[in-house]
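**Q** Residue numbers (our numbering): 2 to 93.
Before anything else, here's the structure in question.
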């Protein structure tokens, strides 16, 4: 990921599909437009989980929870790749 903004403690993001919150861990956001957050976030990478997050999918609803992290989205899918949990929003 080139560029982006490093968030060393906290970030909360949301849109019409849902929201996510990171507290006490490091995350890196990659922006869509000229402003690093206001124009939208293309990708966020979160590091420093104390334990593997619990990730569930119920139809098109995705829930991921761990100490310091929670995400709930509709119109999404979840995929595990090696040690990564990838949430993809299917924007229309």
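Think of the CB as a built atom: it goes at the ideal place given N, C-alpha and C, for glycine as much as any other residue.
Suppose you measure from the CA of residue 91 to the CA of residue 4; what does that come to, to the nearest Å?
**A** To locate residue 91, count along the chain shown from 1; it is residue 90. To locate residue 4, count along the chain shown from 1; it is residue 3. For residue 91 and residue 4, the distance between alpha carbons rounds to 24 Å.
**Q** Which of the three DSSP states, helix, strand or coil, is assigned to residue 70?
**A** In the chain shown, the residue the question calls residue 70 occupies position 69. Residue 70 falls in the strand class under three-state DSSP.
**Q** When the Cα of residue 86 is compared with those of 52, 60, 76, which residue comes out closest?
**A** Residue numbering aside, residue 86 sits at position 85 when the chain shown is read from its first letter. The option with the nearest alpha carbon to residue 86 is 52.
**Q** Report yes if the C-beta distance between residue 31 and residue 14 is below 7 Å; otherwise report no.
**A** Position 30 of the chain shown, counted from the first residue, corresponds to residue 31. Position 13 of the chain shown, counted from the first residue, corresponds to residue 14. Not a contact, by the Cβ cut-off of 7 Å.
**Q** Mind checking whether residue 37 and residue 6 have CB atoms under 7 Å apart?
**A** Working through the chain shown from its first residue, we reach residue 37 at position 36. Working through the chain shown from its first residue, we reach residue 6 at position 5. The answer is yes: Cβ separation under 7 Å.
**Q** Within 10 Å of its beta-carbon, does residue 21 have 16 or more other beta-carbons around it, so buried, or fewer, so exposed?
**A** In the chain shown, the residue the question calls residue 21 occupies position 20. Buried: at least 16 other Cβ atoms inside 10 Å.
**Q** May I ask you to report which of helix, strand or coil DSSP gives residue 79?
**A** Residue mapping note: residue 79 aligns to position 78 of the chain shown, counting from 1. Strand.
**Q** State the DSSP-derived secondary structure class of residue 91, mapped to helix, strand or coil.
**A** Here residue 91 refers to the residue found at position 90 of the chain shown. In the structure shown, residue 91 sits in coil (DSSP, three-state: anything other than H, G, I, E or B).
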